[in-house]
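I have placed the structure first, in the form of structure tokens, so that the comments after it can refer back to it.
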Amino acid sequence: MMVRVMASNLYDVLGVSRTASDKEIRTAYRKLARKFHPDVNPGDKAAEARFKEIAAAYEVVGDEDNRKKYDKYGDQWEHADQIEEMQRQRGGSWSFTTGNGAGGDADFGGGDFGSIFENLFRRDRGGPRRQRGPRPGQNIETPIQVSLEEAYRGTTRMLQFDSMQPCQTCKGTGESSGAVCLTCGGAGQVSRPRRIEVKVPAGVATGSRVRIAGEGHPGIGGGPKGDLYLQVTVAGHPRFERKGDDLYVDVDVPVVDAVLGGEVEVPTIDGRVALRIKELTQNGASIRLAGKGMPKLGKSGERGDMYARIRVQVPRSLTDEQRALFEQMRGSAAEAVSAKEG
Ligand SMILES: [Zn+2]
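Residues in the sequence shown are numbered from 1006 upward in steps of one, following the numbering used here.
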């Protein structure tokens, strides 16, 4: 059973400082839990309430991840993922300070966070956040890195992370033989390692967030599961440069082909393709290879383009015959200039 903590801040509930180590917090929690456990205080409603408050506080500051969120967002810690998502979408930033012991409410510095927060939940849940009853589980965010080739074709990853799962002792109810379950501290959930294989779709880019529905933490009181989000980074490539869905590649073209036209091979992620070079192609020109770029994320079959950036190559050595031909060309060019001026 989840209890909303109305007392000052959660560190005060456990009688520890904000800078307390994990071990200090655990020790403080155990000591208090033993003291106020309903088995030790039969029929004492005040002790039971205190016990629940202690268990709820420990669920937050006794968990590394939850504690970080609480330190950053105060009583809004459960919405850290949504808050950060909002910040990303709006490009803004909000700063938070957690309760200073006076009231326990978070102070919002900068940004009209309160109304944004309300709008967010009106939109997502069809109403203001409920204090009791079913609540959706938290989302899990996990970073992954893929190569450009993997981003091009799509890939899979085996992930391992800790995830909340229903407590076996109390079967997720938070209560065991009439008292608060000691295994999970009344939360009904415990943290356990999990392994799952996830699909990374073709077309992901650095900064893509891939949602894997229903693979987050379990809901509370029968609420739906949270989601798993992959935060993607695509590694750089020695040959291809990516801009959005387009790819760029440098292609060396012999000066003769640049002047007279010809054909060169261009590397793509799928292998080499032939590219026609038009007469008088300039150094630095970009030639578009339509549809040879990256797949567009979430748009099946659509692709960006590839651009071949032409680098005209001057010969590194000449035969006598070639030198004579270039000399002849120089003479011809000079004639053309004087004819124009004359
Ligand atoms: Zn339990």
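C-beta: ideal position from N, C-alpha, C; glycine also.
First through last residue of the beta strand (DSSP E) which encompasses residue i
i: alanine 1279; result: 1276-1282
i: isoleucine 1334; result: A quick correction: the sequence has methionine, not isoleucine, at residue 1334. Per DSSP, methionine 1334 belongs to no beta strand (DSSP E); it is in the alpha helix (DSSP H), 1325-1346.
i: alanine 1218; result: From DSSP, alanine 1218 is part of no beta strand (DSSP E); its letter is neither H nor E.
i: threonine 1160; result: 1160-1171
i: lysine 1204; result: 1194-1205
i: arginine 1039; result: It is not in any beta strand (DSSP E) - arginine 1039 instead sits in the alpha helix (DSSP H) that spans 1027-1041.
Reference residue i, options the options, closest by Cα
i: leucine 1084; options: Lys1050, Lys1301, Tyr1063, Asn1144; result: Residue identity check: residue 1084 is histidine in the sequence provided, not leucine. That would be Asn1144, whose Cα lies nearest to the Cα of histidine 1084.
i: glycine 1276; options: Gly1142, Asp1262, Gly1227, Lys1297; result: Lys1297
i: arginine 1158; options: Ile1059, Lys1050, Ser1026, Ile1274; result: Ile1274
i: glutamate 1155; options: Thr1032, Asp1044, Trp1082, Val1237; result: Val1237
i: methionine 1299; options: Asp1251, Gly1336, Leu1280, Asp1086; result: Asp1251
i: lysine 1073; options: Val1045, Arg1023, Phe1041; result: Arg1023
i: arginine 1281; options: Asn1288, Lys1301, Gln1287, Glu1270; result: Glu1270
i: leucine 1164; options: Pro1171, Ile1201, Ala1192; result: Ile1201
Pair within 8 Å by beta-carbon distance, residue i and residue j
i: leucine 1015; j: tyrosine 1078; result: no
i: glutamine 1293; j: aspartate 1310; result: In the sequence under discussion, the amino acid at residue 1293 is arginine, which differs from the glutamine named in the question. Yes, the pair counts as a contact, with Cβ atoms nearer than the cut-off.
i: leucine 1285; j: valine 1264; result: yes
i: proline 1043; j: alanine 1184; result: yes
i: valine 1018; j: alanine 1051; result: no
i: glycine 1142; j: glycine 1228; result: yes
Start-to-end residues for the alpha helix (DSSP H) that takes in residue i
i: valine 1066; result: 1050-1066
i: valine 1264; result: 1260-1265
i: isoleucine 1225; result: Here isoleucine 1225 belongs to no alpha helix (DSSP H), and DSSP marks it neither H nor E.
i: aspartate 1232; result: Element bounds for aspartate 1232: n/a, residue is neither H nor E.
i: valine 1018; result: 1015-1019
Distance between beta carbons of residue j and residue i, contact taken as under 8 Å
i: valine 1254; j: alanine 1341; result: Valine 1254 to alanine 1341, Cβ: 35 Å. No contact.
i: proline 1198; j: arginine 1244; result: Not confirmed; about 39 Å, so no contact.
i: valine 1209; j: valine 1203; result: Rounded, the Cβ-Cβ distance is 12 Å, inconsistent with contact.
i: aspartate 1068; j: serine 1168; result: Rounded, the Cβ-Cβ distance is 12 Å, inconsistent with contact.
i: glycine 1177; j: glutamine 1194; result: 7 Å
Residue i CB to nearest heavy atom of ligand 1 below 7 Å
i: threonine 1188; result: yes
i: glycine 1179; result: yes
i: glycine 1224; result: no
i: threonine 1211; result: no
i: threonine 1160; result: no
i: glycine 1193; result: yes
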